[in-house]
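Colleague: In terms of my numbering, the sequence shown opens at residue -7 and continues consecutively.
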Amino acid sequence: MSTGAPTLDESMTQPQALPADWRDFVALTKPRVMTLVVFTGLCGLLAAPGTIHPIIGFTAILCIALGAGGAAAINQWYEAGIDAQMKRTANRPIPAGRMDRENARDFAIALSGGSVVVMGLGVGWLAAVLLAVSIFYYAVVYTMWLKPRTPQNIVVGGGAGAFPPLIGWVAVTGDVTLMPVVLFAIIFMWTPPHFWALALFVKTDYARVGIPMMPVVKGEASTRRQILIYALLLAPVALAPWFVGGAGAVYAVAAAALSAAFIALAVPVGLRRAGEGDAMRPEKRLFGFSVLYLFALFGALVADRLLANAGVI
-7 MSTGAPTLDE SMTQPQALPA DWRDFVALTK PRVMTLVVFT GLCGLLAAPG
43 TIHPIIGFTA ILCIALGAGG AAAINQWYEA GIDAQMKRTA NRPIPAGRMD
93 RENARDFAIA LSGGSVVVMG LGVGWLAAVL LAVSIFYYAV VYTMWLKPRT
143 PQNIVVGGGA GAFPPLIGWV AVTGDVTLMP VVLFAIIFMW TPPHFWALAL
193 FVKTDYARVG IPMMPVVKGE ASTRRQILIY ALLLAPVALA PWFVGGAGAV
243 YAVAAAALSA AFIALAVPVG LRRAGEGDAM RPEKRLFGFS VLYLFALFGA
293 LVADRLLANA GVI
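1) Leaving aside the five residues before and after Phe287 along the sequence, list all residues of the same chain whose C-beta is less than 8 angstroms from its C-beta, in chain order.
2) Candidates Lys195, Ala189, Gly238: which alpha carbon is nearest Asn301's?
3) Can you give me the C-alpha to C-alpha distance between Thr5 and Gly73, rounded to a whole angstrom?
4) Identify which residue in Asn145, Tyr134, Ser107 has its Cα closest to the Cα of Gly62.
5) Buried or exposed: Asn83, going by 16 or more other Cβ atoms within 10 Å of its Cβ?
6) Could you name the residues of the same chain whose beta carbon sits closer than 7 angstroms to that of Phe187, not counting the 5 residues immediately before and after it, in chain order?
7) In this structure, does DSSP put Gln144 in helix, strand or coil?
8) From Ile101 to Ile127, what distance separates their C-alpha atoms?
9) Should the region 196 to 214 be regarded as contacting the region 137 to 152, the criterion being three or more beta carbon pairs within less than 8 angstroms?
10) Helix or strand or just coil, what does DSSP make of Lys195?
11) Out of Met91, Glu94, Val125, state which residue places its alpha-carbon closest to the alpha-carbon of Gly105.
12) Would Gln68 and Leu118 qualify as a contact pair, given that the criterion is a beta-carbon distance under 8 angstroms?
13) Classify Lys195 as buried or exposed, calling it buried when 16 or more other Cβ atoms lie within 10 Å of its own Cβ.
14) Looking at Ala65 and Leu293, is the spacing between their C-beta atoms short of 8 angstroms?
15) Please tell me whether Tyr198 and Leu250 are closer than 8 angstroms, where the distance is taken between their beta carbons.
16) Could you compute how far the alpha carbon of Gly33 sits from the alpha carbon of Val164?
17) For Arg15, tell me which candidate among Met78, Cys35, Met91 has the shortest Cα-Cα distance.
18) Is Asn301 helix, strand or coil by DSSP?
19) Under a Cβ-count criterion, where at least 16 other Cβ atoms within 10 Å of its own Cβ denotes burial, should Thr183 be classed as buried or exposed?
20) Thinking C-alpha only, which one of Ala189, Ala248, Ala76 is nearest Ser214?
21) CA-CA distance, Glu212 and Ala60?
22) Would you be able to state if there are at least three C-beta pairs under 8 angstroms between the region 168 to 175 and the region 42 to 55?
23) Tell me where the alpha helix (DSSP H) around Met111 begins and ends.
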């Protein structure tokens, strides 16, 4: 297994690419992932104390979306050769031959740079700096450095996806306090069990291209144990907004219920032994629920804040 940066095989990315249309540029931004990024960023903005002009708020969320899309496009530009060898990613615009790598690179740089500049000029420079750090974290620290070198890539790299609520909060308040750091920590702790559940049922792809994901390097049993451990650790972190006084009873009840369900789904994954069928149903159930979990948890945070502001609770 290679421990260095992945080598891009240009022959696998079909240099004589067909003209790309707008859907290929959208695909470069990983729109499914961006949906969760935008949602958590919006929740951070809505849950923050204080007010923000709707246009400035819209600008902040737009910049978060564009920055996330730019980072995703850099990821696809850099990993085009790897994507071509994996079933899950072979139909992406570059390996499928619908776009050449230079156009993808230029598009990624324009999105990334433009989002930071607009955030700085239209919202605030602290939010812009955090956005720039998040783009660099995902595109360089995770994609180019951690992912091809260590099975801890998701653990450390999870910080890249944890920035949006922090940025949304800072867009309103203009400073970093304990509460947005707690929101960052929730996503940071959620990422390993979420992604390792996926990695368990696509590990063959990762093994084929030499990416040292946890199931490939440490094996299924170790990965399953760590999924359960992280699920258990996530529960108190998810309740931390209530502990620190940043959220009320509505959020606390939702966080407790959602975390209990997360743990309940993680237990059969953690205790499952090799050879017990090949359907990987517990892993797929946990992966699917983990997405719902984050949507519901941050939605509960916003609902709690709106109800408090309205004097209902």
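Note that beta-carbon positions come from the ideal geometry of N, C-alpha and C, so glycine has one too. Being a predicted model, the structure only gives us computed values, none of them experimental.
Modeller: Taking the coordinates as given:
1) If you number the sequence shown from 1, residue 287 lands on position 295. Contacts found: Leu28, Phe31.
2) Here residue 301 refers to the residue found at position 309 when the sequence shown is read from its first residue. Looking at the Cα atoms, Gly238 is the closest of the given residues.
3) The residue labelled residue 5 in the question sits at position 13 within the sequence shown. The residue labelled residue 73 in the question sits at position 81 within the sequence shown. The pLDDT assigned to Thr5 is 42, lower than 50, so where the model puts this residue is not dependable; a value taken from the coordinates is nonetheless given after this. Rounded to whole angstroms, Thr5 and Gly73 show a C-alpha spacing of 6 angstroms.
4) Counting from 1 along the sequence shown, the entry for residue 62 is found at position 70. Nearest to Gly62 by alpha-carbon distance, out of Asn145, Tyr134, Ser107, is Ser107.
5) Stepping through the sequence shown from its first residue, residue 83 is reached at position 91. Exposed.
6) Residue mapping note: residue 187 aligns to position 195 of the sequence shown, counting from 1. Result list for Phe187: Ile146, in chain order.
7) As a position in the sequence shown, residue 144 is number 152, starting the count at 1. In the structure shown, Gln144 sits in coil (DSSP, three-state: anything other than H, G, I, E or B).
8) Position 109 of the sequence shown, counted from the start, is the residue given in the question as residue 101. Position 135 of the sequence shown, counted from the start, is the residue given in the question as residue 127. Each residue's Cα considered, the two are about 10 angstroms apart.
9) Three or more pairs of CB atoms, one per stretch, sit closer than 8 angstroms, so the region 196 to 214 contacts the region 137 to 152.
10) Counted from its first residue, the sequence shown places residue 195 at position 203. Helix, per DSSP.
11) Residue mapping note: residue 105 aligns to position 113 of the sequence shown, counting from 1. Nearest C-alpha to Gly105: Val125.
12) For the purposes of this step, residue 68 is identified with residue 76 of the sequence shown, where counting begins at 1. For the purposes of this step, residue 118 is identified with residue 126 of the sequence shown, where counting begins at 1. Contact: no.
13) Taking the first residue of the sequence shown as 1, we reach residue 195 at position 203. Classification for Lys195: buried.
14) Here residue 293 refers to the residue found at position 301 when the sequence shown is read from its first residue. Here residue 65 refers to the residue found at position 73 when the sequence shown is read from its first residue. Pairing Leu293 with Ala65 gives a Cβ-Cβ distance that is not under 8 angstroms.
15) Translated into positions along the sequence shown, residue 198 becomes position 206. Translated into positions along the sequence shown, residue 250 becomes position 258. Cβ atoms of Tyr198 and Leu250: not closer than 8 angstroms.
16) Here residue 33 is taken as the residue at index 41 of the sequence shown, counted from 1. Here residue 164 is taken as the residue at index 172 of the sequence shown, counted from 1. Gly33 and Val164 have their alpha carbons spaced roughly 11 angstroms apart.
17) Here the question's residue 15 lines up with position 23 in the sequence shown. With distances taken between CA atoms, Arg15 lies nearest to Met91 out of Met78, Cys35, Met91.
18) By 1-based counting over the sequence shown, the position of residue 301 is 309. Assigned with DSSP and collapsed to three states, Asn301 falls in helix.
19) As a first step, residue 183 is located in the sequence shown; it is residue number 191 there, counting from the start. Around the CB of Thr183, 16 or more other CB atoms lie within 10 Å, so the residue is classed as buried.
20) Within the sequence shown, the letter at position 222 stands for residue 214. Ser214 has its Cα closest to that of Ala189, out of Ala189, Ala248, Ala76.
21) Taking the first residue of the sequence shown as position 1, residue 212 is located at position 220. Taking the first residue of the sequence shown as position 1, residue 60 is located at position 68. Those two C-alpha atoms are separated by around 31 angstroms.
22) Segments in contact, no.
23) One-based indexing of the sequence shown puts residue 111 at position 119. That run of the alpha helix (DSSP H) goes 93 to 114.
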